[in-house]
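Accompanying notes for the structure given below.
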Amino acid sequence: MAEPMRIRATMAGDVADVKVLMNHPMETGLRKDAKTGQLVPALYITTVTASINGASVLNSGFGTGISKNPYLGFKVKGAKAGDKVVVNWTDNSGDKNTAEATIG
Amino acid sequence: MNALRRNVLKGAAGAGTVAVAVAAGLLKPTLAMAVAPRSAFDTKNLADAMSGLGSAPADSKDIVVKAPDIAENGAVVPVEVISSIPGTTSIAIIAEKNTTPLVAQFDLMGGTEGFISTRIKMGSTALVRAVVTAGGKNYTTAKEVKVTIGGCGG
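Protein chains in written order, with my numbering: chain F, 34 to 137; chain P, 33 to 186.
Written out as structure tokens, the structure is:
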């Protein structure tokens, strides 16, 4: 159900530069709906993990303070062009999404 | 969950509750360190958020927090943290005056460098603080970001 996530991974020297754009509303639970005046329930990504060729490179925990449609950039030394990057996220409702890309 | 949260709140008084729990083997170190405890993300004050990350950090000049001096829109504030401390294993980002100060925590492994780039929400003008863990010790640095329109709730 979740919308796709985009990953771009490029090599810069011997370091892979990975950029991930997730599609997620990241509701804090503090915002009120403009029409109804009701609080919009919190809905946000809690964990994001990344691996390259099956080996973990990043485990992260998000709070509500990450912007809507989260962007995440990180750099991995020792990766090679052609390696496969997989990124997973889970939100507080249990919704999950995963995407993969090849380092180019 | 609630019990854990209580523990973390108590940790403000007796800092290091988490460390004690780890030492006592109550929490598996690998899991405990993998990502800050969930309760740290729910806590509403800075001291609790910091204690959720472990020992009190020392100021370091080897960490750079890149963020705009003035953010026109607090809903999207680009932040980059670059740690040149060798053996950096974790980076946490804290917006000191947010309702929930701990924004995110990243555990780095398998060749990932001390670099994180993301976008955060900020409720008001505040220090954006990075807490870096390297070799089991915490280091920190902060940069002030002026926010003209808050991005939390509203």
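Quick reminder that beta carbons are idealized off the backbone N, C-alpha and C, glycines included.
Being a predicted model, the structure only gives us computed values, none of them experimental.
Using a Cβ-Cβ cutoff of less than 7 Å, which residues in the same chain neighbour residue 110/F once the five nearest sequence positions on both sides are dropped? 47 and 48
Chain-ordered neighbours of residue 105/F on chain P, where CB pairs are closer than 8 Å: 148, 149 and 150
Could you check if residue 103/F is buried or exposed, using at least 16 other CB atoms within 10 Å of its CB as the buried criterion? buried
Taking CB distances under 8 Å as the criterion, tell me whether residue 132/P reaches chain F. yes
To the nearest angstrom, report how far apart residue 165/P and residue 43/F are at their CA atoms. 27 Å
For the 8 Å Cβ check, are there 3 or more pairs between the stretch 120-127 of chain F and the stretch 122-134 of chain P? no
Just reading off the alpha helix (DSSP H) that residue 84/P is part of, what are its end residues? 78-84
DSSP state of residue 71/P, grouped into three classes? helix
Could you give the residue range of the beta strand (DSSP E) that holds residue 76/F? No beta strand (DSSP E) holds residue 76/F; DSSP gives it neither H nor E.
Please classify residue 89/P: is it buried, with 16 or more other beta-carbons within 10 angstroms of its beta-carbon, or exposed? buried
Does any residue of chain F bring its CB to less than 8 Å from the CB of residue 143/P? yes
When DSSP labels each residue in this structure, what does residue 56/F get in the three-state scheme? coil
DSSP three-state label for residue 133/F, please. strand
Roughly how many angstroms separate the alpha carbons of residue 68/F and residue 59/F, rounded to a whole number? 19 Å
Interfacial residues, the stretch 108-135 of chain P to chain F, with Cβ spacing under 7 Å: 108, 127, 130, 131, 132, 134 and 135
Mind listing, in chain order, the continuous beta strand (DSSP E) runs of no fewer than 3 residues lying wholly within the stretch 93-174 of chain P? 95-98, 109-115, 120-127, 134-140, 144-152 and 158-166
Would you say residue 43/F faces chain P, with C-beta separation under 8 Å as the test? no
Just checking: is the beta-carbon of residue 140/P within a distance shorter than 8 Å of some beta-carbon in chain F? yes
Please list the residues of the stretch 87-102 of chain F that have a C-beta atom closer than 8 Å to any C-beta atom in chain P, keeping them in chain order. 88, 89, 90, 91, 92, 93, 94, 95, 96, 97, 98, 99, 100 and 101
Which same chain residues, not among the five before or five after residue 118/F, have their C-beta less than 7 Å away from its C-beta? 40, 42, 51, 83, 85, 133, 134 and 136
Could you tell me whether the stretch 106-126 of chain P touches the stretch 69-82 of chain F, where touching means 3 or more Cβ pairs closer than 8 Å? no
Could you pull the start and end residues of the beta strand (DSSP E) that residue 126/F belongs to? Counting along the chain, residue 126/F falls outside any beta strand (DSSP E), and DSSP gives it neither H nor E.
Along chain F, in chain order, which residues have C-beta atoms closer than 7 Å to that of residue 68/P? 94
Rounded separation between residue 112/P and residue 84/P - CA only: 22 Å
Can you find a CB in chain P that lies within less than 8 Å of the CB of residue 111/F? yes
If we ignore side chains and look at the alpha-carbon of each, how far apart do residue 169/P and residue 70/F end up? 46 Å
Where does residue 180/P sit, in a helix, a strand or coil, going by DSSP? coil
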